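J.: Could you have a look at this structure, given as structure tokens, before my questions?
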Amino acid sequence: MNLEIGSIVEGKVINVMPFGAFVALPENKSGLVHISEITNAFIKDINNYIKQGDIVKVKVVSIDSSGKIGLSIKKAETKPERPKPTEPSGPIRPADIDWSANDEADLSFEDKLSKFKKDSDAKMLALKRSNDSKRSGGYRRGGGTY
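Its first residue numbered 305, the sequence shown is counted upward by one per residue in the numbering used here.
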């Protein structure tokens, strides 16, 4: 069996170092699983995740010109398929809105203008109230004595 990039093989951990683990592979070869390729979780102590003598499935991710083999345990694992959401959960995104629907199609220009002015006034009032509540207390403008 010739090792190629992308192939998944089984190997035995022969040495664990702070930066990764060396794995014995078929054909009397060995490779390094870097600490970042062991799991997706943050690893504070590598010995909590892998031990010498463990049998692991690894994916060959690189083979350089000098023959060093880079391996990955997390890429060798099959990823569970994420279920596709049937209904939007959480906030509505712009992609979820039917922009072609037009509720104001039968309104006259004056009605549309009136609606816009009413909405604008309501938004300006809410903004003014928000700004006033943020300014209450503390420094006042207008020459008062303290």
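No residue lacks a Cβ here, since even glycine has one placed at the ideal position from N, Cα and C.
This structure is a prediction, so every number in the text was calculated from the model and none was measured.
Please look up how many angstroms separate the CB atoms of K333 and L307, rounded, as I've assumed it's under 8 Å.
T.: Indexing the sequence shown from 1 puts residue 333 at position 29. Indexing the sequence shown from 1 puts residue 307 at position 3. Between L307 and K333 the Cβ distance is about 6 Å, and since that is below 8 Å, they are a contact.
J.: What first and last residue would you give for the alpha helix (DSSP H) that runs through E314?
T.: Taking the first residue of the sequence shown as position 1, residue 314 is located at position 10. Taken as a continuous stretch (DSSP letters only), E314 belongs to no alpha helix (DSSP H), being part of the beta strand (DSSP E) at 312-321.
J.: Which partner residues does V327 have in the DSSP bridge list?
T.: Here residue 327 corresponds to residue number 23 of the sequence shown, with the count starting at 1. Partner(s): V317, G335.
J.: In the structure shown, what three-state DSSP assignment does K372 receive?
T.: Numbered from its first residue, the sequence shown carries residue 372 at position 68. The answer is coil: DSSP assigns K372 none of H, G, I, E or B.
J.: Which residues bound the alpha helix (DSSP H) around T437?
T.: On the sequence shown, position 133 is the one that residue 437 refers to. Position check: residue 437 holds Ser in this sequence, whereas Thr was assumed. Looking at the DSSP string, the run of the alpha helix (DSSP H) that includes S437 is 413-439.
J.: Kindly indicate which three-state DSSP category I367 falls into: helix, strand or coil?
T.: Locating residue 367 in the sequence shown gives position 63, counting from the first residue. Strand at I367.
J.: By DSSP's criteria, I359 is part of a beta bridge. Which residues make up the other side?
T.: As a working mapping, residue 359 is identified with position 55 in the sequence shown. Paired residue(s): K316.
J.: Roughly how many angstroms separate the alpha carbons of K363 and G335, rounded to a whole number?
T.: Sequence index remark: in the sequence shown, residue 363 carries index 59 (1-based). Sequence index remark: in the sequence shown, residue 335 carries index 31 (1-based). Going by the C-alpha atoms only, they are around 10 Å apart.
J.: At the level of alpha carbons, what is the spacing between M428 and A399?
T.: Here residue 428 refers to the residue found at position 124 when the sequence shown is read from its first residue. Here residue 399 refers to the residue found at position 95 when the sequence shown is read from its first residue. Computed Cα separation, rounded: 27 Å.
J.: Whole angstroms are fine: how far does the CA of R439 sit from the CA of Y353?
T.: Taking the first residue of the sequence shown as 1, we reach residue 353 at position 49. Taking the first residue of the sequence shown as 1, we reach residue 439 at position 135. In a straight line, the C-alpha of Y353 is about 54 Å away from that of R439.
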